[in-house]
Each structure stands twice: as structure tokens, then as C-alpha cells.
Amino acid sequence: MRVLFSPFGMDPFALAPQIQPPRAPRRQAGPLAPFGMMGMGGGFMDMFGMMGEMMGNMERMSGSPNCQTFSSSTVISYSSTDSGAPEVYQQTSQTRTGPGGIRETRQSMRDSESGLERLAIGHHIGERAHIMERSRNRRTGDREERQDFINLDESDAAAFDEEWRSQAGRYVPPNARALDYSRDRRGGGQQLALTAPPSSMSPPGHRHESPRHRQPQTRPRYDWMSIVNIVAREILDSRGNPTVEVDLHTGKGLFRAAVPSGASTGIYEALELRDGDKSRYKGKGVTKAVSHINDTLGPALVQSGINVLEQDKLDNMMIEMDGTENKSKFGANSILGVSLAICKAGAAEKGVPLYRHIADLAGNRDLVLPVPAFNVINGGSHAGNRLAMQEFMVLPVGAESFRDALRVGAELYQTLRAVIKEKYGQDATNVGDEGGFAPNIQENSEALELIKTAIEKAGFTDKVVIGMDVAASEFFIEGKYDLDFKSPPNAARNISADELASIYQGFINNYPVVSIEDPFDQDDWPAWSQFTASVGIQIKTGAPCRSERLAKYNQLMRIEEELGDQAHFAGHNFRNPSAL
Numbered sequence: 001m002r003v004l005f006s007p008f009g010m011d012p013f014a015l016a017p018q019i020q021p022p023r024a025p026r027r028q029a030g031p032l033a034p035f036g037m038m039g040m041g042g043g044f045m046d047m048f049g050m051m052g053e054m055m056g057n058m059e060r061m062s063g064s065p066n067c068q069t070f071s072s073s074t075v076i077s078y079s080s081t082d083s084g085a086p087e088v089y090q091q092t093s094q095t096r097t098g099p100g101g102i103r104e105t106r107q108s109m110r111d112s113e114s115g116l117e118r119l120a121i122g123h124h125i126g127e128r129a130h131i132m133e134r135s136r137n138r139r140t141g142d143r144e145e146r147q148d149f150i151n152l153d154e155s156d157a158a159a160f161d162e163e164w165r166s167q168a169g170r171y172v173p174p175n176a177r178a179l180d181y182s183r184d185r186r187g188g189g190q191q192l193a194l195t196a197p198p199s200s201m202s203p204p205g206h207r208h209e210s211p212r213h214r215q216p217q218t219r220p221r222y223d224w225m226s227i228v229n230i231v232a233r234e235i236l237d238s239r240g241n242p243t244v245e246v247d248l249h250t251g252k253g254l255f256r257a258a259v260p261s262g263a264s265t266g267i268y269e270a271l272e273l274r275d276g277d278k279s280r281y282k283g284k285g286v287t288k289a290v291s292h293i294n295d296t297l298g299p300a301l302v303q304s305g306i307n308v309l310e311q312d313k314l315d316n317m318m319i320e321m322d323g324t325e326n327k328s329k330f331g332a333n334s335i336l337g338v339s340l341a342i343c344k345a346g347a348a349e350k351g352v353p354l355y356r357h358i359a360d361l362a363g364n365r366d367l368v369l370p371v372p373a374f375n376v377i378n379g380g381s382h383a384g385n386r387l388a389m390q391e392f393m394v395l396p397v398g399a400e401s402f403r404d405a406l407r408v409g410a411e412l413y414q415t416l417r418a419v420i421k422e423k424y425g426q427d428a429t430n431v432g433d434e435g436g437f438a439p440n441i442q443e444n445s446e447a448l449e450l451i452k453t454a455i456e457k458a459g460f461t462d463k464v465v466i467g468m469d470v471a472a473s474e475f476f477i478e479g480k481y482d483l484d485f486k487s488p489p490n491a492a493r494n495i496s497a498d499e500l501a502s503i504y505q506g507f508i509n510n511y512p513v514v515s516i517e518d519p520f521d522q523d524d525w526p527a528w529s530q531f532t533a534s535v536g537i538q539i540k541t542g543a544p545c546r547s548e549r550l551a552k553y554n555q556l557m558r559i560e561e562e563l564g565d566q567a568h569f570a571g572h573n574f575r576n577p578s579a580l
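If you use UniProt numbering, the sequence shown corresponds to residues 1 to 580, in order.
Below is the structure:
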């Protein structure tokens with residue numbers, strides 16, 4: 001009852017003696033008799049008999065100028081379409097009042113059938129009010145924002161909002177915001193509708209240097225959809241290397257994102273900021289990137305008051321603050337971590353799955369499930385063998401659905417294991433960074449031959465093609481390519497771009513290779529311009545044996561199941577899904 005009736009943190013029952021003198025109890029009062037009502041010992045009939053008295057007391061209390069109240073009502077209706085898909089309509093109204101005529105009203109509506117979502121928040125002092133409303137249609141992408149002013153000039157709105165915050169802040173206990181923040185860190189939502197002034201948002205008991213207990217960052221105005229707090233930390237990724245994790249808090253709760261990192265990166269890619277301290281994680285620490293988030297990016301985003309549905313504004317704000325072409329000031333790992341967390345928060349605010357929210361941001365109205373590219377043999381920087389080319393992948397383009405494609409990929413992976421074991425022994429089935437097998441072979445054509453044999457043995461010749469991620473910049477040396485770069489340098493064995501292109505052409509002629517990624521060095525433009533015929537585009541997520549990779553595949557299957565008849569699998573059109 002205390003949480004329900006005390007949005008400002010004070011106990012309304014403590015005010016009861018000032019409103020009505022205490023009544024002499026007809027029986028000994030029980031713990032359920034704060035209104036003078038008898039406890040349950042009298043039975044349900046006695047309780048119902050006291051209902052009128054209880055409601056009268058509540059009415060007298062709510063009429064007091066010193067009382068605080070909270071009321072909420074929600075209407076939810078469920079229906080189903082002809083296809084069986086659920087349709088949900090939800091409308092909620094809330095009112096919080098405090099002493100001095102201060103009041104907050106909130107109305108929200110979501111209609112899954114029309115896609116319309118609306119939120120209106122009103123701040124009231126007596127007869128004056130400032131009402132802010134935002135609506136969005138997640139089907140059409142239409143947005144609308146408006147403000148209404150009651151007994152108030154628009155030019156006075158800023159001063160009114162400050163007056164409202166000042167009055168509301170007086171009724172929040174010193175540790176209220178800290179308590180709400182603690183609930184958020186455990187995944188719960190905030191319960192207070194009115195933000196406290198800065199002095200009450202950072203009590204001494206919560207001033208710690210540890211990121212887990214960083215004091216919440218204040219923001220200039222209240223908006224349920226804007227960011228309350230951002231905390232970053234250093235964690236380890238799937239390779240055991242440090243990376244950045246970000247916790248972002250809104251009125252909806254906690255949203256967490258970790259930054260992915262590749263084993264090989266190009267010089268023109270956005271900079272991944274590392275500490276460079278060789279005494280710690282061999283220089284790969286990310287405490288600098290974490291500090292940029294906690295000390296600069298996070299506070300700035302909180303202060304901006306921009307809500308999490310405005311992904312482009314928040315992203316552009318971080319990019320402008322960085323001010324460099326390759327994000328070298330703060331590091332792409334700082335900006336990306338925050339951006340990913342914002343995206344998750346935006347999806348939660350809209351009440352839609354993350355993939356739907358991302359599709360909206362990208363302007364994709366038609367959802368197409370990708371063809372998974374299973375990384376089944378590892379070389380290059382991903383493995384300790386002598387293979388120069390980094391990834392050899394299989395794509396089940398002939399599968400009927402994503403679920404079927406996952407089955408084909410998993411069965412082929414196990415068949416390939418048996419083929420490698422039979423030819424090279426058990427040790428050859430060890431795996432590389434991306435979960436693909438890493439047999440100690442040097443000839444790249446030998447890896448393709450192993451995959452081709454596995455495809456034939458599994459009976460998938462009409463369902464599976466091959467893709468490659470060469471990562472040629474890893475073995476580009478003084479204008480030539482060294483296909484044995486893991487051995488001691490020997491300039492005599494290096495080959496030209498034309499010779500390398502000839503090798504690729506042989507792959508295409510002799511194996512079902514349909515995609516080659518990064519076949520030449522990133523600056524070898526003449527080679528790129530002469531060799532473009534077989535480069536394809538697909539989504540690559542790794543082998544089906546790694547837990548984090550498997551999680552992505554399983555999530556895609558859940559998405560396919562959720563979409564039902566609306567699910568489209570890219571299949572043979574994986575390079576041009578718009579043709580579906």
C-alpha cells in the first residue's frame with residue numbers, strides 16, 4: 001500500500017489524524033485496519049460492512065491540501081485475426097497528486113492492429129498545465145508531436161516546468177531516486193513519476209567509484225522515454241579479450257549491450273580504442289573507452305533529454321561529440337556500445353521485438369530472414385594452422401526455411417567433422433576462433449575439397465554453396481600476397497594480385513563458390529576493379545558450435561516462428577533479398 005499510495009515518498013496514513021480524529025475501535029484493531037476498519041477476524045461480512053466507512057475516509061483524505069494520491073486504470077483487450085495472430089489494445093491512465101495542487105497525469109495507448117502508439121504526459125500546478133504528447137505508427141512510420149498549454153503562455157513553459165520540478169522535488173525523500181535506481185539495476189522499472197532535484201539524486205551513501213554504484217546522472221526535464229543513467233564497464237568477449245559493456249537505464253528499466261570485436265580489422269574501419277598498456281591484457285584493455293562513456297558520453301546523453309526512440313539524433317550527437325572521421329577520439333567501441341543499448345531501449349519503449357525496431361529504423365517494411373553462412377573451416381588470424389585464407393563457409397541457399405537451413409548447416413558440420421577425422425585424424429577436428437575446424441593444412445583448395453566432399457556425403461549438392469572471407473590484407477606484404485605468411489618471411493614465394501585472382505577463378509570453376517569477401521588488400525584498387533564478378537553479400541555469424549553463435553541462430557528461428565506465414569527466407573536470392 002505504501003508504494004501504491006505514496007508516489008512522493010510520504011505515508012498518507014500518517015496524515016489521517018489531521019483529517020479526522022481517531023475513532024474508538026469497536027474491536028481490537030488488526031494490521032489491516034489503517035482506516036479504522038476491523039481486521040479479518042470479523043469475517044468478510046464485517047469487512048464489507050466497513051467498506052463505506054473506508055471509502056469515506058479515503059475521500060476526506062484525498063480532499064486535504066496536504067494529501068498525496070495515486071490512481072491508475074488500465075483497459076486491455078485481446079482478439080485474434082483470421083490467421084490466428086493476436087491483436088492487443090491497451091490503454092492506461094494514471095494520476096499522481098501532491099500538496100499545493102501539483103499533479104502529473106499520464107495517458108498511454110497501444111493498438112497492435114493499427115500499429116498506433118500514443119503517450120501524453122501532463123504537468124499541472126493548480127489550473128495551469130503543460131501537456132506533451134507523442135504518437136507513432138509503427139506500421140507506417142508516421143510520427144507526431146504536440147504540446148498543449150492550459151492557462152499558460154507557450155513562452156512561459158520553460159519557467160513553468162522548472163517551477164513544477166522544484167515543487168515536486170520537495171516531496172521526494174532523499175534516498176528515493178537511489179532506491180529506484182537500485183531496482184533498475186536488477187531489471188525492474190522505476191516507480192516514481194516525478195524526478196528529484198539534483199541534491200536528492202546523489203545521496204552520500206551511493207557515492208562510490210565502482211561502476212556498479214555510480215550515482216545516476218541528472219537530466220534537465222522529465223521524459224519517461226529519455227535516458228536516466230548510463231554505466232559502462234570492461235568485460236571479456238568470446239576470445240577472452242576485453243570489450244565494452246553498457247548498461248542504459250530508462251523509465252522502462254535496464255538495457256544492456258556488449259560490443260563485438262573481430263580478430264582482423266582494416267585500417268579504414270572505425271577505430272576500436274584500446275588502452276595500449278602492455279602490463280594489462282597485453283595492451284588490449286578498454287578502460288579508456290569505458291571512461292569516455294561514464295565521464296563524457298553518458299552524462300551528455302542524459303542531459304540532452306532526447307528520448308530513446310530518436311536513435312538517429314542520439315547517434316549523431318555522439319558522432320559530433322567525437323568529431324573524427326574514424327571515431328578515434330572516443331573509440332567506435334564506446335559509441336557502438338551506447339548505440340546498441342539505446343536500440344534495445346527503443347524497442348522496449350515501442351513494445352516490439354528488437355528486430356522489428358531495427359527494421360523500422362532501416363525503413364524495411366518487408367522482413368526477410370537471411371541465409372546463414374556457417375563458418376566451417378578456419379584459417380588466417382582465426383586459427384593456428386597454416387591456411388592463409390581466413391574463413392570457409394557453407395550457405396544452405398536451397399533450404400525451404402531458416403529452420404531447415406539451420407538443420408542442413410548442422411548436419412553438414414557434423415559430416416565435415418567425420419570427413420576431416422577420417423583423412424587427418426582426431427586432432428585435426430580442433431576448432432578455431434570462430435568455431436570452424438582448423439586442420440593443419442596449407443593449400444586453400446584442400447579446404448574447399450574437404451567441404452565439397454562433405455556436401456556430397458551429406459546429400460546436399462542441390463542445397464549448399466560455398467562462401468569465403470579471405471581477409472587478404474592480413475597477408476599483403478609490399479604489394480604482393482604471401483599465402484604462407486605464418487611461416488618465416490620469404491619474398492620469393494609472394495605472388496601478385498593477378499596470380500591471386502587466377503587462384504580465385506580456379507576456386508569458382510572447380511567448386512560451388514558464390515561469394516568471396518575481401519579477396520584483395522583494402523588499398524589494392526586495381527585488383528578490386530578487375531575482379532568483381534563473384535563477390536556476394538550475406539550475413540555471416542560463425543560456426544554452429546559456439547554458444548554465442550548458436551544463440552543467434554536460435555533467435556532467428558524464434559523470429560521465423562513469430563512471423564508465421566509472413567516469414568520470407570532469402571534462399572537463392574540472398575545477395576538480392578529485395579527481389580523476393
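Just so it is clear, CB atoms sit at the ideal spot from N, CA and C, and this is done for glycine as well.
ask   = Excluding five sequence neighbours on each side, which residues of the same chain lie with their C-beta closer than 7 Å to the C-beta of Asp498?
value = none
request  = Return the residue from the list Val244, Ala257, Ala362, Val397 that minimises the CA-CA distance to Arg139.
outcome  = Ala362
message = So within the segment 103-167, which uninterrupted beta strand (DSSP E) runs reach at least 3 residues, ignoring any that extend past its ends?
response = 116-125, 128-137, 143-150
message = What residue range does the beta strand (DSSP E) around Ala257 cover?
response = 253-258
ask   = Buried or exposed: Tyr78, going by 16 or more other Cβ atoms within 10 Å of its Cβ?
value = exposed
task = Could you tell me whether the Cβ of Ser112 comes closer than 9 Å to any Cβ of chain D?
result = The displayed structure is made up of one protein chain only, and chain D is not part of it.
query = Do you know how far the Cα of Ala373 is from the Cα of Ala405?
reply = 10 Å
query = In whole angstroms, what separates the C-alpha of Ala120 from that of Leu236?
reply = 42 Å
message = Rounded to whole angstroms, what is the Cα-Cα separation between Ser108 and Ala428?
response = 59 Å
ask   = When DSSP labels each residue in this structure, what does Tyr413 get in the three-state scheme?
value = helix
ask   = How would you write the range of the beta strand (DSSP E) that Gln94 sits in, first residue to last?
value = 86-98
key: Reduced DSSP category for Arg365 - H, G, I as helix; E, B as strand; rest coil   = coil
request  = Could you spell out the range, first to last residue, of the beta strand (DSSP E) harbouring Ile230?
outcome  = 229-236
query = Going by beta carbon distance, what residues of the same chain come within less than 8 Å of Gln167, once the five residues before and after it are set aside?
reply = Gly98, Gly100, Ile102, Ile125
Residues of its chain near Asp277, where Cβ-Cβ distance is below 7 Å and the 5 sequence neighbours each way are ignored = Gly283, Gly285
query = Where Asn137 and Glu117 are concerned, what is the direct C-alpha to C-alpha distance, given to the nearest angstrom?
reply = 6 Å
inquiry  = Would Val368 and Leu412 qualify as a contact pair, given that the criterion is a beta-carbon distance under 9 Å?
reply    = no
ask   = Do the segment 476-492 and the segment 449-461 meet, that is, are 3 or more Cβ pairs less than 8 Å apart?
value = no
Helix, strand or coil at Ser513 [DSSP, three-state] = Note on residue identity: the sequence assigns Val, not Ser, to residue 513. Here Val513 sits in strand by DSSP.
ask   = Given that a residue counts as buried once 16 or more other Cβ atoms are within 10 Å of its Cβ, and exposed if not, what is Gly479?
value = exposed
ask   = If you compare alpha carbons, which of Val394, Gly436, Arg256 is closest to Lys463?
value = Val394
query = Quick check: the segment 338-350 against the segment 232-252, are there 3 or more CB pairs under 8 Å?
reply = yes
Cα-Cα separation, Thr95 to Gly240 = 50 Å
ask   = According to DSSP, is Asp247 helix, strand or coil?
value = strand
query = Would you say Arg338 and Leu248 are within 9 Å of each other, going by their C-beta atoms?
reply = Inspection of the sequence shows that residue 338 is occupied by Val rather than by Arg. Yes; because the gap between Cβ atoms is below 9 Å, this pair is in contact.
Separation of Glu113 from Ser71, as counted between CA atoms = 28 Å
key: Secondary structure of Phe44, DSSP reduced to three states   = Model confidence at Phe44 stands at a pLDDT of 46, short of 50, so the residue's coordinates are unreliable; what they give is reported in the following sentence. Reduced to three states, the DSSP call for Phe44 is helix.
message = DSSP has Thr324 in a bridge; who is on the other side?
response = Looking at the DSSP assignment, Thr324 forms no beta bridge with any residue, so it has no partner.
task = Classify Pro25 as helix, strand or coil using the three-state DSSP reduction.
result = The pLDDT assigned to Pro25 is 45, lower than 50, so where the model puts this residue is not dependable, and the model offers no usable value.
key: CB contact flag (Gln442, Leu354, <9 Å)   = no
Start-to-end residues for the alpha helix (DSSP H) that takes in Asn444 = 444-458
query = So is Trp525 buried or exposed if we call it buried at 16+ other beta carbons inside 10 Å?
reply = exposed
request  = Grab me the residues of Thr74's own chain with a C-beta within less than 6 Å of its C-beta, minus the 5 sequence neighbours each way, in chain order.
outcome  = Thr92
query = Using DSSP with H/G/I as helix, E/B as strand and the rest coil, what is Ala289?
reply = helix
ask   = Between which two residues does the beta strand (DSSP E) containing Val465 stretch?
value = 465-469
ask   = Count the other CB atoms within 10 Å of the CB of Gly564; is the residue buried (16 or more) or exposed (fewer)?
value = exposed
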